[in-house]
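Protein chains in written order, with this note's numbering: chain A, 2 to 319; chain B, 73 to 387.
All C-beta atoms in this analysis are idealised placements derived from N, C-alpha and C, irrespective of residue type, glycine included.
So the structure is just underneath, and the comments pick up after that.
Given below as structure tokens:
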């Protein structure tokens with residue numbers, strides 16, 4: 002319900018924003034405010050585009066057409082790429098999914114691991130040092146952290162590539178080699194995203210574990226004579242993981258926002274880079290399409306997490 | 073060790089203030105003492121944060137005094153390395169980088185302050201009112217808050233600023249529209265629990281009018297939490313502005329730190345030349361420093377206000 006209304010708001014913004022603006026998008030396209038691409042349009046072309054996008058028809062008709070197009074998966078045509086928006090997005094989305102998904106997995110797994118470690122040694126000094134470092138990492142926005150990593154590892158040490166997702170014009174002898182190349186290029190973006198999201202998972206795991214270990218059933222488990230390992234992993238960690246699941250969904254949402262900037266730092270050809278170039282050449286249909294895809298994927302993730310959470314913890318579902 | 077030193081320093085400030093305080097009614101002295109006392113409640117990190125913020129504010133306020141060149145004028149050769157003429161060197165157009173840093177601080181601080189102030193207090197007021205009135209108003213507000221918080225803020229921000237055009241005022245308005253929901257939610261829940269407390273009921277039974285209750289009893293209670301949230305909103309707003317500017321959606325007439333990053337990373341072979349050392353690093357360093365200072369302060373304030381109170385982090 003909540004997700005549906007959110008989706009509705011996004012669609013409404015997407016629909017009304019270009020229409021309630023003073024003037025129309027095509028006058029902005031033909032002006033040369035900023036940007037490297039200056040698209041000059043004649044009056045004839047402007048009218049053609051107005052007609053093409055149905056902007057000269059009454060508002061309710063436009064709304065109907067918009068809805069119909071959405072239902073059939075038609076997001077319009079990109080002005081700059083001269084091909085359907087959905088094709089442009091499909092071309093770039095896999096790269097974004099690749100780095101967001103790997104960052105999600107890496108930050109969740111290592112966050113849980115470090116959190117457990119920290120909860121176990123919470124009386125030592127090592128826990129405090131770890132916490133301070135983690136908190137400092139969490140406060141740096143992902144794209145600034147990405148810039149630092151880029152400057153240190155790619156520019157200064159020359160360990161990693163500066164841009165791109167694959168080596169240009171490379172010939173691969175084996176699929177393994179290609180996979181290696183892709184991993185090599187994705188490494189820094191993934192590390193950047195993981196580092197900024199790690200802290201949330203880490204703190205959550207640590208705090209939940211500390212609460213869980215004071216529960217009676219942990220004492221019972223110890224009293225039964227179970228080994229320390231079994232108590233921690235099977236009894237404590239399993240229960241502490243529940244909030245982590247929710248956190249993961251939340252995290253994907255934040256990352257979809259952050260990845261737009263991180264991709265631009267590393268010139269990684271995902272939808273974030275596409276969005277930037279669309280913004281520079283004022284390619285409005287493409288901008289709107291990307292917004293829609295991003296928003297929908299975030300909402301779907303939230304929905305999935307809600308469902309999974311209900312399965313894992315039957316107390317919530319009732 | 074450092075902590076002890078700082079605490080000792082504060083004790084000295086306090087005793088100095090007390091020694092100076094011959095006339096007990098002297099207002100300035102009292103302010104000095106209370107400030108010193110409030111300051112000494114912060115941890116080392118919090119103190120570093122406060123001092124850092126004060127430094128940045130001073131840089132922003134006295135920008136014309138501490139810089140030699142105007143930020144938007146060509147005053148030297150293109151891409152001059154740091155030297156006696158230009159402390160931090162120049163960018164590709166020959167503009168002084170130190171001047172750009174100083175004037176850029178103004179933009180970051182203005183956006184952070186404006187968004188935080190408006191969103192924090194408007195959101196807080198809405199939340200308090202809705203919590204106090206209750207009923208349908210409250211229900212409706214909760215729905216709106218739920219939807220606003222579920223919106224993917226950054227992608228929407230990009231789209232809206234792309235359509236509305238690059239302008240600082242637009243950025244501020246859009247950011248306010250996205251960040252009022254959290255203070256509203258927290259103010260509402262606080263008001264709901266306060267409404268049931270005995271002293272509020274007693275005051276109402278004595279005939280206190282709703283406005284008096286809200287202003288004298290509820291607002292002062294909610295205020296500290298709102299203040300902590302406000303710091304978070306400020307740093308979020310600064311990040312958002314930087315991100316937009318970095319994408320090329322900043323106000324072209326103003327040189328913010330994000331715009332500097334945008335210009336530097338947009339320069340063709342920036343990474344193959346030594347230019348990044350004085351062109352890219354200063355704004356990067358200043359931004360991270362500012363954000364860390366804000367984070368230290370807000371963490372410390374959270375701790376001081378109520379150790380049991382946990383405000384959920386993250387936007």
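Taking the CB atoms as reference points, tell me whether residue i and residue j lie closer together than 8 Å.
i: residue 286 of chain B; j: residue 200 of chain B; result: yes
i: residue 15 of chain B; j: residue 255 of chain B; result: Outside the shown range of chain B, which is 73 to 387, sits residue 15 of chain B, and nothing can be said about it.
i: residue 263 of chain B; j: residue 204 of chain B; result: yes
i: residue 108 of chain B; j: residue 178 of chain B; result: no
i: residue 8 of chain A; j: residue 300 of chain A; result: yes
i: residue 191 of chain A; j: residue 100 of chain A; result: yes
i: residue 273 of chain A; j: residue 294 of chain A; result: no
i: residue 206 of chain A; j: residue 112 of chain A; result: yes
i: residue 250 of chain A; j: residue 93 of chain A; result: no
i: residue 80 of chain A; j: residue 286 of chain A; result: yes
i: residue 280 of chain A; j: residue 298 of chain B; result: no
i: residue 139 of chain A; j: residue 201 of chain A; result: yes
Please compile the residues from chain B whose C-beta is within a distance smaller than 8 Å of the C-beta of residue i.
i: residue 104 of chain A; result: In chain order: nothing, as chain B lies at least about 16 Å away.
i: residue 4 of chain A; result: 222
i: residue 280 of chain A; result: 230, 234, 319, 320, 321
i: residue 326 of chain A; result: Absent from the model: residue 326 of chain A. The displayed extent of chain A is 2 to 319, so no value can be given.
i: residue 211 of chain A; result: Near residue 211 of chain A there are no residues of chain B at all, since even the closest Cβ is about 13 Å away, more than 8 Å.
i: residue 277 of chain A; result: 319, 320
Can you tell me where the alpha helix (DSSP H) with residue i in it begins and where it stops?
i: residue 191 of chain B; result: 169-205
i: residue 218 of chain A; result: 217-224
i: residue 178 of chain A; result: 176-213
i: residue 234 of chain B; result: 225-236
i: residue 295 of chain A; result: 285-313
i: residue 77 of chain A; result: Segment: none, residue 77 of chain A is in no alpha helix (DSSP H) and carries neither H nor E.
i: residue 358 of chain B; result: 353-377
i: residue 128 of chain B; result: 116-133
i: residue 251 of chain A; result: 239-266
i: residue 329 of chain B; result: 329-338
i: residue 263 of chain B; result: 253-267
i: residue 273 of chain A; result: 272-281
For a contact defined as C-beta to C-beta under 7 Å, what are the partners of residue i on chain B?
i: residue 140 of chain A; result: 363, 364, 367
i: residue 7 of chain A; result: 219, 222, 223
i: residue 254 of chain A; result: 224
i: residue 80 of chain A; result: None at all; the shortest Cβ gap to chain B is about 13 Å.
i: residue 295 of chain A; result: 224, 227
To the nearest angstrom, report how far apart residue i and residue j are at their CA atoms.
i: residue 258 of chain A; j: residue 247 of chain B; result: 15 Å
i: residue 149 of chain B; j: residue 161 of chain B; result: 9 Å
i: residue 220 of chain B; j: residue 102 of chain B; result: 44 Å
i: residue 189 of chain B; j: residue 321 of chain B; result: 23 Å
i: residue 332 of chain B; j: residue 324 of chain B; result: 11 Å
i: residue 306 of chain B; j: residue 192 of chain B; result: 9 Å
i: residue 146 of chain A; j: residue 307 of chain A; result: 31 Å
i: residue 269 of chain B; j: residue 314 of chain A; result: 34 Å
i: residue 367 of chain B; j: residue 208 of chain A; result: 20 Å
i: residue 223 of chain B; j: residue 90 of chain A; result: 21 Å
i: residue 230 of chain B; j: residue 234 of chain A; result: 43 Å
i: residue 39 of chain A; j: residue 326 of chain B; result: Here the model assigns residue 39 of chain A a pLDDT of 47, short of 50, so the residue's position is not dependable, and the following value carries that caveat. Between residue 39 of chain A and residue 326 of chain B, the C-alpha separation is close to 22 Å.
i: residue 163 of chain A; j: residue 268 of chain A; result: 8 Å
i: residue 157 of chain A; j: residue 150 of chain A; result: 10 Å
i: residue 227 of chain A; j: residue 117 of chain A; result: 18 Å
i: residue 155 of chain B; j: residue 144 of chain B; result: 19 Å
i: residue 236 of chain B; j: residue 180 of chain B; result: 20 Å
i: residue 131 of chain A; j: residue 119 of chain A; result: 8 Å
i: residue 303 of chain B; j: residue 83 of chain A; result: 45 Å
i: residue 263 of chain A; j: residue 159 of chain A; result: 19 Å
i: residue 151 of chain B; j: residue 339 of chain B; result: 11 Å
i: residue 170 of chain B; j: residue 158 of chain B; result: 8 Å
i: residue 284 of chain B; j: residue 251 of chain B; result: 28 Å
i: residue 138 of chain B; j: residue 164 of chain B; result: 22 Å
Starting from residue i, find everything on chain A with Cβ-Cβ shorter than 8 Å and list it in chain order.
i: residue 225 of chain B; result: 258
i: residue 183 of chain B; result: Near residue 183 of chain B there are no residues of chain A at all, since even the closest Cβ is about 14 Å away, more than 8 Å.
List, in order along the chain, the chain B residues whose C-beta lies closer than 9 Å to that of residue i?
i: residue 265 of chain A; result: 318, 319, 337
i: residue 261 of chain A; result: 226, 227, 230, 315, 319
i: residue 163 of chain A; result: 343, 344
Name, please, each residue of chain A whose Cβ falls closer than 9 Å to the Cβ of residue i.
i: residue 356 of chain B; result: 145, 148, 149, 152
i: residue 32 of chain B; result: With chain B covering only 73 through 387, there is no way to say anything about residue 32 of chain B.
Starting from residue i, find everything on chain A with Cβ-Cβ shorter than 7 Å and list it in chain order.
i: residue 360 of chain B; result: 141, 145
Which runs of the alpha helix (DSSP H) fall wholly inside the stretch 274-318 of chain B and span at least 4 residues, in chain order? 291-318
Within the stretch 111-170 of chain A, note down every full alpha helix (DSSP H) run reaching 4 residues or more, in order along the chain. 126-140, 143-150
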